[in-house]
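S.K.:
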Amino acid sequence: MLRLSTGAKVILGIIVAAVLAFMYVPLFLVISNSFNAARISSWPIEEFSTDWWGKTFANEPVRAALLNSVLVGLGATAIALVLGTLVAYALQRFDFFGKQAVNLLVVLPIALPGIVTGVALNNTFNQVLEPIGIHVGYFGMIIAHATFCIVMVFNNVFARLRRLSPNVEEASRDLGATPWQTFRLITFPQFRSAFIAGGILAFALSFDEVVVTIFTAPPGVETLPLWIFNQMARPNEASMVNVVATIVIIASFIPVWASQRLSKDID
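Under full-length UniProt numbering, the first residue of the sequence shown is numbered 1, with each subsequent residue one higher.
Written out as structure tokens, the structure reads:
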């Protein structure tokens with residue numbers, strides 16, 4: 001086991017503390033300013049109030065943006081769960097021509113800059129599909145989010161399938177089970193935790209996506225991150241932005257906690 005000297009431990013502790021402070025102090029300022037009575041965010045806070053929380057919950061655009069984020073996230077996650085699982089299962093259980101190319105193409109969207117994906121999909125929707133009478137509208141935004149959400153599910157399921165022994169599946173088939181029965185009763189329960197963890201991560205990734213949403217959202221439609229982005233140019237709305245950001249910060253603990261719990265089962 002590697003043993004560090006006292007000096008090295010102190011230096012390492014200082015570095016870790018500095019990194020954590022750099023990450024979490026700005027979040028603390030956002031949360032604190034959500035209770036700031038002033039219209040414009042400031043520090044130190046002279047007077048605390050919950051008025052902005054009440055105004056934010058009563059704000060119709062905020063509620064509409066939240067609903068859009070949830071609907072788009074659920075839709076993209078549903079598509080990602082189905083396609084990501086099928087691709088992972090095919091690549092792990094079967095050999096075919098172009099297998100490595102398919103693997104690369106599935107993972108590529110998460111590596112591409114969001115602006116490239118957004119521009120590509122925007123051009124496809126507006127210059128290819130609409131001229132032939134296909135208007136994707138709201139569903140196009142869901143498809144756009146699903147393109148990179150698939151990777152979350154694929155990576156989790158594929159990694160889990162690689163660690164499963166096919167002997168149990170072969171025994172199930174030898175006993176007369178159909179391929180669907182084998183998958184439903186034998187295979188799926190073994191990677192179910194990875195499946196759920198991938199879905200949680202996919203939803204979280206979709207929920208906070210901004211760049212792709214800018215290029216693919218129908219006119220007049222805003223998700224919660226897009227609403228925050230648009231309001232940042234209005235200083236008088238900064239207090240409500242802080243409230244919404246605080247809600248998102250608190251809500252973000254749920255998928256992180258759930259994915260960590262499920263990862264224990266995966267390991």
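Just so it is clear, CB atoms sit at the ideal spot from N, CA and C, and this is done for glycine as well.
Return the chain-ordered ranges of every alpha helix (DSSP H) run that is complete within the segment 180 to 217 and spans a minimum of 4 residues.
M.R.: Within the segment 180 to 217, the complete alpha helix (DSSP H) runs of at least 4 residues are 188 to 207 and 211 to 216.
S.K.: Between the segment 158 to 170 and the segment 114 to 130, are three or more C-beta pairs nearer than 8 Å?
M.R.: Counting Cβ pairs under 8 Å, fewer than three are found: no touch.
S.K.: Quick one: what's got a C-beta closer than 6 Å to A76's C-beta in the same chain, skipping five residues either side?
M.R.: So the list reads I142, H145, A146, C149 and S206, once near-sequence residues are dropped.
S.K.: Identify every residue that forms a DSSP beta bridge with N36.
M.R.: In the DSSP output, where bridge partners are listed per residue, N36 has F48.
S.K.: Measure the CB-CB distance between N242 and S41 and report whether it falls below 8 Å.
M.R.: The answer is yes: Cβ separation under 8 Å.
S.K.: Are there 16 or more other CB atoms within 10 angstroms of the CB of I200, so buried, or fewer, so exposed?
M.R.: Buried: at least 16 other Cβ atoms inside 10 Å.
S.K.: By DSSP, does P109 sit in helix, in strand, or in coil?
M.R.: Three-state DSSP puts P109 in a helix.
S.K.: Quick check: M240 and N59, are their CB atoms within less than 8 Å of each other?
M.R.: Yes, the Cβ-Cβ distance between M240 and N59 is below 8 Å.
S.K.: Under a Cβ-count criterion, where at least 16 other Cβ atoms within 10 Å of its own Cβ denotes burial, should M152 be classed as buried or exposed?
M.R.: That one is buried.
S.K.: In whole angstroms, give me the CA-to-CA distance for I196 and T178.
M.R.: The straight-line gap from Cα to Cα measures roughly 25 Å.
S.K.: Comparing the C-beta of I247 with each C-beta of chain C, is any distance below 8 Å?
M.R.: The displayed structure is made up of one protein chain only, and chain C is not part of it.
S.K.: Between P61 and W257, is the Cβ-Cβ spacing less than 8 Å?
M.R.: It is not a contact, given that the beta carbons lie outside the stated cut-off.
S.K.: Can the beta-carbon of E209 be found less than 8 Å from the beta-carbon of P219?
M.R.: Against a cut-off of 8 Å, the Cβ pair of P219 and E209 comes out as no contact.
S.K.: Would a C-beta distance cut-off of 8 Å place T216 and T223 closer than the cut-off?
M.R.: No, these two residues do not count as a Cβ contact at 8 Å.
S.K.: Using 8 Å as the threshold, is the segment 131 to 142 in touch with the segment 71 to 89, meaning 3 or more CB pairs across them?
M.R.: The segment 131 to 142, when compared against the segment 71 to 89, does touch it at the 8 Å Cβ threshold.
S.K.: What span of residues does the alpha helix (DSSP H) with R163 cover, start to end?
M.R.: Counting along the chain, R163 falls outside any alpha helix (DSSP H), and DSSP gives it neither H nor E.
S.K.: Return helix, strand or coil for F139, following the three-state DSSP convention.
M.R.: In this structure, F139 counts as helix in the three-state DSSP scheme.
S.K.: Alpha helix (DSSP H) containing S5: first to last residue?
M.R.: Looking at the DSSP string, S5 is not in any alpha helix (DSSP H), and its letter there is neither H nor E.
S.K.: Quick check: what's the CA-CA separation for F188 versus A8?
M.R.: Cα-Cα distance, rounded: 47 Å.
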